[in-house]
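9 is the number of the first residue of the sequence shown in the working numbering; add one for each residue after it.
Notes to accompany the following structure.
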Amino acid sequence: DKIDDAAKKLSEASYPFLKEIDWSSDVYGKLPTANPFQVLKAVDKMIVMGAAMDSAALKAGAEAHHKAIGSIDAKGVTTLADYEAVNAAIGHMVASAGESKTMDVYNAFAGFNLGKDVGPYMMSKVNAADASAAYKAFLEFKDAVKASQ
């Protein structure tokens, strides 16, 4: 379907970027300026969104993630095929939750103040062209998911 097609395109376009990221860095486990209660409220929005998801889509997402985690390499990167399966599963999960619940999660995280240095710092760690290609493909993926809601 359109989500699967978009997931394939997203995965192929963003995989080079994915492989450049240092997944062993502790930066991905931190939100440097986020208030713990703000994080808790954002997590609550994710839980509410998860509860609204189609159970079959949620199960497929869990299985895709489990398989992808099982195929990670020494750098923490899964295979392209497993990455594509995860992206497709996420697309179907998000589409099944509906736009309102999805936007609640987006807005909860959009309110985090990460400071002016985070974006440039993170971009300095990867190839800018690969990051740009990944972002462009993500926007197309987002549109395909939204159209399927």
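Just so it is clear, CB atoms sit at the ideal spot from N, CA and C, and this is done for glycine as well.
If you're wondering where the values come from, they're calculated on a predicted model, not measured in any experiment.
Please return the same chain residues whose Cβ sits closer than 7 angstroms to the Cβ of residue i, not counting the five positions on each side in sequence.
| i | result |
| --- | --- |
| M101 | M61, A65, L66 and G69 |
| A15 | E92, N95, A96, G99 and F149 |
| S1 | This structure gives no information on residue 1, because the portion of the chain shown stretches from 9 to 157. |
| M54 | V113 |
| I80 | T86 |
| G37 | none |
| G106 | A60 and Q157 |
Which of the three DSSP states, helix, strand or coil, is assigned to residue i?
| i | result |
| --- | --- |
| D9 | coil |
| G119 | coil |
| M61 | coil |
| D34 | helix |
| I55 | helix |
| K124 | coil |
| K133 | coil |
| Q157 | coil |
For residue i, which residues in the same chain have their Cβ closer than 6 angstroms to its Cβ, ignoring the five residues on either side in sequence?
| i | result |
| --- | --- |
| T161 | Since the first residue of the chain shown is 9 and the last is 157, residue 161 is not available in this structure. |
| W31 | G84 |
| A152 | K10, I11 and A14 |
Of all Cβ atoms in chain B, is any one closer than 8 angstroms to the Cβ of residue i?
| i | result |
| --- | --- |
| D81 | Considering every chain present, this structure includes no chain B. It has just one protein chain. |
Any contact of the segment 125–142 with the segment 26–34, i.e. 3+ C-beta pairs under 8 angstroms?
-> yes
Which runs of the alpha helix (DSSP H), 4 residues or longer, sit entirely within the segment 71–115?
-> Segments of the alpha helix (DSSP H) lying fully in the segment 71–115: 88–105.
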